[in-house]
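Number of protein chains: 2
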Amino acid sequence: MAHRIVSDEVFLATALDLFRTYGFEGVSLKRLADATGLEKASLYYRYPGGKDAIAMAIAKDVVTWFQANVFDPLVGGEPARKRVSFVAENLREFYAGGSKACLMDVLSIRGVSEELQLALKTAMQAWVSAFAQVAKESGHGSAAARSKAEEAILRIEGSLILARVLGETACFDRVLKLLPDLLTAA
Amino acid sequence: MAHRIVSDEVFLATALDLFRTYGFEGVSLKRLADATGLEKASLYYRYPGGKDAIAMAIAKDVVTWFQANVFDPLVGGEPARKRVSFVAENLREFYAGGSKACLMDVLSIRGVSEELQLALKTAMQAWVSAFAQVAKESGHGSAAARSKAEEAILRIEGSLILARVLGETACFDRVLKLLPDLLTAA
DNA sequence: GTCTATATTAAGATAGAC
DNA sequence: GTCTATCTTAATATAGAC
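These protein sequence lines are chains A and B, in that order. Heads up, the first sequence is in numbering that gives the first Met the number 0, so the first residue is 0 and it goes up one at a time. Heads up, the second sequence is in numbering that gives the first Met the number 0, so the first residue is 0 and it goes up one at a time.
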């Protein structure tokens, strides 16, 4: 087969989709190779650490996306409600309207490297902090704001599971719609 | 090695734990054999369908448990709030205080048989119906009661993910504590 | 930097002794 | 009904050509 050119960006986007669909253990190097058009040996050249390293690269990519599209837009000049609404739309896109799983979910079952587990935990803490900061602006104390933030995230995560099992995304939609209320209500 | 006696009950309980921890793809027949003290061939004798059949048997077991400890106690003479509190304590035990995953979560990622996916969906619908029935008693219309029920379940599922990723179960505790309020408030 | 080819280990699955 | 032994397939991983 002729040499292929597959950018890291495209490769990681494809791999992200696979991991979200089949979970860490459900994705083999062959599956990654077939889906991206590269050979297994080429994947090892790019990521000498194998599947662990690929999952780690994906996680880093997603964290970067969250930084730019969730954490950063949450601080700034516009009214808090408007900022949260904007972020909610970004999340709607990331989760494809509730039809794509969260990496935090599928990668947090045991089997993954300690390093990745820690990265997921750190990312989740950053997410909680970002949401809590907004809740604080609306007059909540630190502890209450943190609870509100956790509540918001856990609803998003839970609605994705419900949507996946039931095969309908209405609950995810409802959660996103209520997100501004939840985080900015006094 | 001498013959072993492992009851189906004990076998399925051990297997349930493994699937909740490692997910469907993360559990091999060898792992099941090692953990239960049976040989792989014995597992095939008991469950000719292999891993799919074992996962299915576990799912059926769990549905039976939910029927007895969640669905059934939700109908009956006692005040609604009290019934929900009772069920919340049962759920606390089933999820080991928030430290054990939900089968719905770990088995609903692709890779599992169509039959099992349908069983999970049916079980989830039953759970929603059971919760919705209680919400209806408190004066909500059908649609609102169903939303309340989905909200309750999605919070439980989401808090389990948050607890798993963060390594602390406080959010699961909070969700269970608010469960009676959520389902029985007018 | 990607390929073909292959080594090694583990998975799912079955045959046949006891 | 459980075991040992074995088959087949698929997974991770590496060597070496181009």
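Backbone N, C-alpha and C fix where the C-beta goes; we use that ideal spot for every residue, glycine too. Predicted model only: the values in this text are computed from it and were never measured.
Cβ of residue i within 9 Å of any chain B Cβ
i       : result
K176(A) : no
M55(A)  : no
F49(A)  : The question names Phe, but residue 49(A) in the sequence shown is Gly. Chain B contact via Cβ: absent.
P179(A) : no
E24(A)  : yes
L28(A)  : no
L182(A) : no
F38(A)  : The question names Phe, but residue 38(A) in the sequence shown is Glu. So no, E38(A) is outside the interface.
S107(A) : yes
M0(A)   : Low local confidence applies: a pLDDT of 47 at M0(A) is under 50, so the model's placement there is unreliable, with the coordinate-based value given in what follows. False, the Cβ-Cβ gap to chain B never drops below 9 Å.
Residues that residue i bridges to, as DSSP identifies them
i       : result
V111(A) : R109(A)
Short CB-CB distance (under 9 Å) between residue i and chain A
i       : result
G110(B) : yes
I4(B)   : no
S163(B) : The sequence shown places Arg at residue 163(B), rather than the Ser named in the question. It does: the Cβ of R163(B) has a partner Cβ on chain A nearer than 9 Å.
T13(B)  : no
R173(B) : yes
L31(B)  : no
Y21(B)  : yes
E114(B) : no
G76(B)  : no
E8(B)   : no
Limits of the unbroken alpha helix (DSSP H) element including residue i
i       : result
L37(A)  : Neither: L37(A) is in no alpha helix (DSSP H) and is coded neither H nor E.
K81(A)  : A79 to F93
I4(B)   : Neither: I4(B) is in no alpha helix (DSSP H) and is coded neither H nor E.
V164(A) : S141 to L165
C170(B) : A169 to T183
G49(A)  : G49 to F65
With 16 other Cβ atoms within 10 Å as the buried cut-off, status of residue i
i       : result
Y44(B)  : exposed
A134(B) : buried
T35(A)  : buried
E8(A)   : exposed
R30(A)  : exposed
D33(B)  : exposed
A185(B) : exposed
L178(B) : buried
S141(B) : exposed
T121(A) : exposed
A14(A)  : buried
field: Residues in the segment 89 to 103 of chain A having any Cβ partner in chain B nearer than 8 Å
entry: A100, C101 and M103
task: Residues of the segment 116 to 149 of chain A with a CB closer than 9 Å to any CB of chain B: list them in chain order, please.
output: Q116, L119, K120, A122, M123, Q124, V127, S146 and E149
message: Residues of the segment 150 to 161 of chain A in Cβ contact with chain B at a cutoff of 9 Å, in chain order, please.
response: E150, I152, L153, R154, I155, E156, G157, S158, L159, I160 and L161
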